[in-house]
Amino acid sequence: MAYIIEASGLKKTFADVTAVDGISFQVNQGECFGILGPNGAGKTSTIRMVYGFSPKTAGTLKVFGLDIEKEWRSIKARVGVCTQENSLDPDLTVEQNLHVFARYFNIPPAAAREKSQQLLKFISLDQRRAARIPELSGGMMRRLVLARALINDPELLILDEPTTGLDPQARHQIWQRLEELKAGGLTILLTTHYMDEASRLCDRVVIMDHGRILVEGKPADLIKEHIGHNVIEVNDPCAELRSFVKSLNIESEDLGHRLIIYGQGRDELFHEIGNKFCKEGCLLRMATLEDVFLRLTGRDLRE
Amino acid sequence: MRAILYGNISKRFFRVWQRNFTVYQKIWKISFVPPLFEPLFYLLAFGIGFGALVGKIKYQGLEVSYLAFIAPALLAINIMNNAFFENTYASFVRMYHQKTFDAMLTTPLSIEEIITGEIIWGATKSVIATGIMLAVISVFGLINYPSGLLIIPVALLGGIAFGALGMYFTGITPTIDMFNLPIFLFVTPMFLFSGTFFPVENLPGWAQALAVIFPLTHLVNLVRSLSIGSMHANLLWSVCYLIIFSLVLFPLALIKMRKRLIK
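Protein chains in written order, with this note's numbering: chain P, 84 to 386; chain G, 10 to 272.
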């Protein structure tokens with residue numbers, strides 16, 4: 084089957100930095116594909132090339148099987164994009180934002196009116212159609228950006244950190260809409276540094292760092308492969324526990340004030356630690372994508 | 010280079026123009042006020058107050074009142090200001106603060122179409138303001154018709170020239186406050202020394218040579234001749250100068266804006 088996005092050896096260099104360092108990936112029809120990574124990993128640079136904003140430095144990049152360099156206009160007509168920064172038009176009302184955007188796609192006025200009515204209902208903003216943009220909350224703005232990206236009935240939806248800065252209610256609102264779109268068969272490419280978001284929405288993810296792809300796979304598979312099933316976390320571990328864990332020769336990470344033990348079926352070990360070493364500050368939980376992410380990209384701050 | 014510049018321009022640039030027009034329709038009542046009253050203020054101050062000291066002025070061998078001399082200059086300055094300020098401050102706000110161009114770039118619009126749409130919009134604002142001002146000034150009997158009607162297409166040409174100039178500065182200025190520099194260096198000297206409030210011939214020789222380089226000198230020359238109804242051959246040269254000026258500045262604006270926005 085043909086890929087919706089096919090990148091190979093894709094590279095992006097700015098004056099003195101390599102933002103994307105020869106990455107390859109494919110996105111299938113109807114799938115939600117996530118690009119994860121810390122700040123500055125090259126996520127935004129990658130998707131900007133995909134939606135035809137940034138010219139690539141090297142490699143090949145095809146969207147819908149078409150060359151982005153030559154056929155950018157017809158590709159862009161079939162793609163919807165939610166950029167990271169709010170780019171809603173503050174000079175226009177909610178509804179006008181959609182109408183004016185529809186004109187950029189040469190959508191006739193009657194069709195644009197019908198489509199925007201339908202989209203405003205979809206994002207629950209049909210009561211606010213005449214509102215000015217500065218009157219909207221952060222969550223409403225983000226939903227409107229989503230609606231705007233859907234005005235041309237795209238075959239591929241690209242979202243750059245769709246829920247950054249939103250409160251939990253607003254994030255869940257967005258996720259619900261995206262799940263509905265996914266169920267409708269839309270192909271989605273998103274970047275995020277929220278691992279719960281990626282786990283919930285993405286069928287497959289890549290974790291990027293320093294412009295390179297570290298791993299690729301289904302979230303559940305990545306967790307199984309790199310972490311295991313469980314994680315034991317111990318706060319302020321004592322020296323005895325440290326040497327005990329070392330003697331077991333198992334996958335663990337010592338962060339000083341916290342000891343993290345990875346692996347499969349850790350119930351027994353957990354009880355043993357609880358009984359022998361510490362009554363409190365010890366917890367057994369399911370491994371998450373965040374464990375994979377932190378293990379692979381490290382715990383140093385990215386600023 | 011030419012293929013890169015112009016290959017990306019289709020008639021879709023009209024959509025960008027249309028966006029600005031939609032916004033204009035919401036605020037047109039306020040936009041109408043300055044071109045309506047500004048000429049009245051100037052005519053009162055310079056024409057009646059100052060004109061009494063000046064008396065008649067010789068222009069193209071004709072004796073004209075000071076009022077008839079400066080009224081067309083006000084039109085020309087207005088053409089310059091509308092396009093120049095639209096494509097500097099207003100375009101900069103759309104580009105930098107509102108991210109309007111970034112949003113447009115996620116659609117099938119090219120950066121060249123966006124900039125073309127902006128410049129043509131700037132010129133449109135010049136034409137609208139010229140239409141209003143022309144009506145006001147005509148009430149005082151200061152415009153000769155039918156030649157005065159040609160001031161409208163001249164406003165479009167002048168608007169494109171000054172809009173492209175403004176857009177070029179928008180492409181290279183780091184912050185919005187820095188527009189003070191091109192305004193101080195170009196717009197203010199042009200406002201004063203382009204044969205606007207006194208004939209260019211009153212300047213010393215070297216300054217006259219400098220004034221010929223100013224696009225506003227040529228715009229004033231055109232609008233004044235059409236207002237007074239005195240057609241002469243050097244009008245053609247002024248039209249040519251404005252066309253050449255636009256043909257140079259327009260691609261320069263495209264190049265600088267592409268360089269600024271596409272990363």
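Backbone N, C-alpha and C fix where the C-beta goes; we use that ideal spot for every residue, glycine too.
Contacts that A141 of chain P makes with chain G (C-beta to C-beta distance below 8 Å):
Per Cβ cutoff of 8 Å: no residues; A141 of chain P is ~16 Å from chain G at best.
Can you look up D104 of chain P in the DSSP assignment and give me helix, strand or coil?
strand
In or out: C321 of chain P buried (at least 16 other Cβ within 10 Å) or exposed?
exposed
Interfacial residues, the segment 212-229 of chain P to chain G, with Cβ spacing under 7 Å:
none
Anything in chain G within Cβ reach of T166 of chain P, meaning under 8 Å, just list it in chain order.
K108, D111, A112, T115
Helix, strand or coil for K94 of chain P? Go by DSSP, reduced to three states.
strand
From the DSSP output, in three-state form, read off T197 of chain G for me.
helix
Spatial neighbours of P138 of chain P within its chain, please: C-beta separation below 8 Å, excluding the five flanking residues on both sides.
M132, E152
Start and end residues, alpha helix (DSSP H) containing R103 of chain G
No alpha helix (DSSP H) holds R103 of chain G; DSSP gives it neither H nor E.
Residues near A281 of chain P in its chain [Cβ-Cβ closer than 7 Å; skip 5 each side]:
G117, L119, T275, V288, P302, L372
Would K35 of chain G count as contacting chain P if we go by Cβ distances under 9 Å?
yes
In its own chain, which residues sit with a C-beta less than 6 Å from the C-beta of L258 of chain G, not counting the 5 before and 5 after it?
A173, L174, Y177
Would the beta-carbon of L324 of chain P fall within 9 Å of that of L272 of chain P?
no
On the premise that G126 of chain G lies in contact with R267 of chain G, defined as a C-beta separation below 8 Å, what is that separation, rounded to the nearest angstrom?
Incorrect: roughly 15 Å between the Cβ atoms, too far for contact.
Given a cut-off of 9 Å, decide if F206 of chain G and I79 of chain G are closer than it, judged by their beta-carbon atoms.
yes
Suppose the cutoff is 6 Å on Cβ atoms and the five residues either side in sequence are ignored; what does the same chain contact list for L261 of chain G look like?
Y177
Decide if the segment 94-106 of chain G is in contact with the segment 221-229 of chain G; the criterion is three or more beta carbon pairs, one per stretch, under 8 Å apart.
no
Can you say whether G364 of chain P is buried or exposed, counting buried as having 16 or more other CB atoms within 10 angstroms of its CB?
exposed
Answer with yes or no whether the minimum CB distance from A195 of chain P to chain G is below 9 Å.
no
Report the residues of the segment 208-241 of chain G with a CB closer than 9 Å to any CB of chain P, ordered along the chain.
none
Measure from the alpha carbon of R61 of chain P to the alpha carbon of each residue in P:N332, P:E355, P:I315, P:K329, then state which is nearest.
The displayed coordinates of chain P run from 84 to 386. Any statement about residue 61 of chain P would go beyond what the structure contains.
Compare the C-alpha of A124 of chain G against each of G:Y68, G:L235, G:W26 and name the closest.
Correcting the residue type first, residue 124 of chain G is Ile in the shown sequence and not Ala. The shortest Cα separation from I124 of chain G among G:Y68, G:L235, G:W26 belongs to G:W26.
Count Cβ pairs between the segment 108-120 of chain G and the segment 160-170 of chain P that sit closer than 8 Å; are there 3 or more?
yes
Going by C-alpha to C-alpha distance, which of G:E210, G:T115, G:N91 sits closest to R445 of chain P?
No statement about residue 445 of chain P is possible, as the shown extent of chain P runs from 84 to 386 and does not include it.
For the alpha helix (DSSP H) containing F205 of chain P, list its first residue and its last residue.
192-205
Taking contact to mean at least 3 C-beta pairs separated by less than 8 Å, is the segment 211-228 of chain P in contact with the segment 170-183 of chain P?
yes
Roughly how many angstroms lie between the CA atoms of I147 of chain G and D99 of chain P, to the nearest whole one?
Before going further, note that residue 147 of chain G is Ser rather than Ile in the sequence given. Distance between the alpha carbons of S147 of chain G and D99 of chain P is about 60 Å.
Counting only Cβ-Cβ distances shorter than 8 Å, please list the residues of the segment 303-335 of chain P near chain G, keeping chain order.
none
Can you give me the Cβ contacts of V146 of chain P inside the same chain, cut-off strictly under 6 Å, excluding the 5 residues immediately before and after it?
I88, I158
E262 of chain P, buried or exposed, once every other Cβ within 10 Å from all chains shown has been counted against 16:
exposed
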